[in-house]
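In the numbering used here, the protein residues as written are 1 to 237.
Here is the structure we will look at.
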């Protein structure tokens with residue numbers, strides 16, 4: 001039609017150039033996740049999954065699945081949270097999925113019925129599971145403060161692992177993250193998609209449940225300033 005000026009090549013090039021800049025801006029918001037970065041957290045993730053599942057074999061499977069999911073979702077990691085927190089969120093979801101599956105081995109002792117169902121009580125908590133020992137070298141740091149290492153060792157002691165299995169899955173996650181790994185309540189709430197009040201309530205219920213369990217006498221000789229770290233898992237429960 002006469003009187004209508006069609007855009008020329010220069011116009012199209014400028015538009016495409018602008019689109020290219022926009023796409024570049026979008027792609028730079030993602031953070032590359034390299035295998036060596038995730039691998040450095042493998043040992044502590046195994047420890048976390050072992051406490052959650054009570055099985056060395058399933059802990060290994062859970063961490064493998066965690067790494068696989070992290071690799072598949074790497075493009076979605078935008079760096080808004082720390083890589084470690086992101087991996088723990090994935091590992092927690094993997095463990096919760098496994099605990100809901102009910103495809104667990106029968107355990108040699110009855111760990112008791114689950115408590116009433118609420119936001120932090122998993123009605124599908126498995127009734128039977130083997131509680132297996134895990135070599136310390138696979139889940140504990142190789143070096144560090146002696147008192148902190150002793151406290152960490154208490155947290156993977158078989159009696160403590162067995163006692164954890166009395167807890168509903170999300171209460172278990174809350175107690176491990178708060179009491180063993182020393183996460184803030186706000187961090188746990190964000191990981192679980194909950195509130196600080198709900199996390200604190202779940203922690204109190206978890207403590208009350210563990211208080212009824214016999215964890216045995218496993219006190220170790222520690223400086224007074226550090227003794228409470230071990231008492232957290234023995235005397236307090």
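Backbone N, C-alpha and C fix where the C-beta goes; we use that ideal spot for every residue, glycine too.
Remember, it's a predicted structure, so these values are computed and weren't measured experimentally.
Boundaries of the alpha helix (DSSP H) harbouring residue 60: 56-72, taken from the DSSP string. In the structure shown, the three-state DSSP call for residue 157 is coil.
Put simply, of 198, 54, 157 and 190 the residue whose alpha carbon is nearest the alpha carbon of residue 88 is 190. The continuous alpha helix (DSSP H) containing residue 101 extends over residues 83-101. Under the criterion of beta carbons closer than 8 angstroms, residue 169 and residue 210 do not qualify as touching, at roughly 15 angstroms. Of all C-beta pairs linking the region 57-72 to the region 177-197, fewer than three are shorter than 8 angstroms, placing the two stretches out of contact.
Sorting 54, 85, 53 and 75 by C-alpha distance to the C-alpha of residue 41 places 85 at the top. Excluding sequence positions up to five before and after residue 174, its CB lies within less than 8 angstroms of the CB of 120, 188, 192, 199, 202, 203 and 206, all in the same chain and listed in chain order. For residue 158, the closest alpha carbon among the candidates 54, 45 and 44 is that of 54. Contact annotation: residue 63 and residue 46 have beta-carbon atoms nearer than 7 angstroms. Here residue 186 has 196 as same chain residues with Cβ atoms under 6 angstroms from its own Cβ, once five neighbours each way along the sequence are excluded.
Judged by beta-carbon spacing, residue 51 lies within the 7 angstroms limit of residue 176, meaning their Cβ atoms are closer than that value. By the C-beta density criterion, residue 39 is exposed, having fewer than 16 other C-beta atoms within 10 angstroms. Taking 7 angstroms as the cut-off, the Cβ atoms of residue 161 and residue 131 count as close. When C-alpha distances from residue 44 are compared across 156, 97 and 74, the shortest belongs to 156. Of 166, 184, 58 and 37, the smallest CA-CA separation from residue 133 is found for 58. Of the residues 61, 92 and 36, the one whose Cα lies closest to the Cα of residue 171 is 92. Annotation for residue 43: the continuous alpha helix (DSSP H) segment containing it runs 42-53.
Distance from the Cα of residue 49 is smallest, within the candidate group 37, 77 and 138, for 138. Listed in chain order, the non-local C-beta contacts of residue 66 below 7 angstroms within the same chain comprise 45, 87, 90, 91 and 94, local neighbours out to five positions each way being set aside. Distance between residue 61 and residue 165, taken at the CA atoms: about 18 angstroms.
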